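Encoded as structure tokens, the structure appears first; notes follow it.
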Amino acid sequence: MSNKIKIRVDGRMREVTSPPDTPLLYVLTDELAVQGPRFGCGLAQCGSCSVLVDSSEIRSCVTPLSAVAAKSVTTLEGLPAWYAKQEKLAKAPALHPVQQAIIDEQAAQCGYCYNGMIIQAADLLSKNHQPSEAQIREAMNGHLCRCGTYPRMIKAIQRAAGVMQAARIDERNATGAPEVAQAAGEIETADVRLPQSSGMTR
Ligand code: FES
Ligand code: FES
């Protein structure tokens with residue numbers, strides 16, 4: 000009897016042979032050679048291993064393979080295509096807007112946390128197109144950055160939200176649909192101080 004399990008990873012159906020209780024992180028990195036998710040704590044505490052499962056962020060270090068059988072897993076590598084599908088774009092960009100915004104804001108340092116940061120931010124912006132700063136902080140809480148890039152990460156997410164919203168406005172104008180409310184330049188970026196109780200404070 001075959002003990003292969005099928006999972007869809009970045010749009011591609013894959014058969015894997017790892018035991019069903021193997022953490023998804025190990026299946027992705029060791030069996031499928033996916034390079035986005037990283038091992039940090041192994042305890043669902045840091046967020047460096049995050050992926051999207053059916054478009055919601057999960058910690059792959061504590062998620063058994065059996066839990067994602069027949070589900071759709073999106074890693075950092077598949078994020079631009081996932082974004083294009085979400086936004087109904089004709090073509091996937093080279094980078095998700097959050098990735099581009101991190102470059103534009105010069106937010107990255109060692110980059111170890113950025114897989115999880117980007118996955119979580121993409122999840123947030125797919126569900127809340129215009130998050131407040133407080134909503135960004137709340138969503139990103141639990142993603143730890145040893146380099147302390149939180150203020151620039153918040154700015155990058157705000158920039159990405161603005162870029163995505165402007166693109167939607169352009170699309171709606173092109174198709175004659177009513178405009179949505181807020182354009183890129185109107186996203187607040189001024190106050191990026193960090194709350195003391197948040198994972199975004201470390
Ligand atoms: S390695 Fe999974 S949350 Fe830290
Ligand atoms: S940039 Fe180094 S851990 Fe976040």
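In numbering that gives the first Met the number 0, the protein residues as written are 0 to 201.
Just so it is clear, CB atoms sit at the ideal spot from N, CA and C, and this is done for glycine as well.
Values in this document were obtained by computation on a predicted structure and should not be read as measured data.
Do residue i and residue j have their C-beta atoms within less than 8 Å of each other?
i: L23; j: T74; result: no
i: L64; j: I4; result: yes
i: L42; j: W81; result: no
i: H95; j: L123; result: no
i: A159; j: V97; result: yes
i: V26; j: A100; result: no
i: Q119; j: S49; result: yes
Closest by CA to residue i, which one among the options?
i: P36; options: P18, D9, T16 and R13; result: D9
i: K133; options: Q157, F38 and G115; result: It is Ala, not Lys, that sits at residue 133 in the sequence shown. Comparing Cα positions, the closest option is Q157.
i: Q34; options: M12, Y113 and A100; result: Y113
i: A68; options: D169, G147 and E14; result: E14
i: P18; options: A165, I135, E76 and E30; result: E30
i: K154; options: H128, D169, E104 and C144; result: E104
i: R167; options: L88, C109, I6 and E76; result: L88
i: A83; options: C45, S54, T21 and Q108; result: S54
i: Q108; options: T174, N127 and C144; result: C144
i: Q85; options: N127, G39, N2 and T16; result: N127
i: R11; options: P92, S125 and S71; result: S71
i: F38; options: G175, D169, G115 and Q129; result: G115
i: H142; options: G175, R171, C40 and D20; result: C40
i: E76; options: T28, D20 and T148; result: T28
i: D20; options: N2, A93 and R7; result: N2
Return the Cβ separation of residue i and residue j in integer angstroms, given the expectation that the two are a contact with Cβ distance under 8 Å.
i: Q152; j: A106; result: As written in the sequence, residue 152 is Met, which differs from the Gln given in the question. Contact holds; Cβ gap of about 5 Å.
i: S47; j: Y111; result: 6 Å
What's the call for residue i, buried or exposed, on a 16-neighbour Cβ count within 10 Å?
i: E56; result: buried
i: I102; result: exposed
i: A66; result: exposed
i: A121; result: buried
i: K90; result: exposed
i: S131; result: exposed
i: T16; result: exposed
i: T174; result: exposed
i: R136; result: buried
i: E178; result: Confidence at E178 is low in this model, with a pLDDT of 47, below 50, so the placement of that residue is unreliable and no value is reported for it.
i: G184; result: Confidence is the limiting factor: at G184 the pLDDT is only 42, short of 50, which leaves the residue's position unreliable, though a coordinate-based value still follows. The residue in question, G184, is exposed, as its Cβ has fewer than 16 Cβ neighbours within 10 Å.
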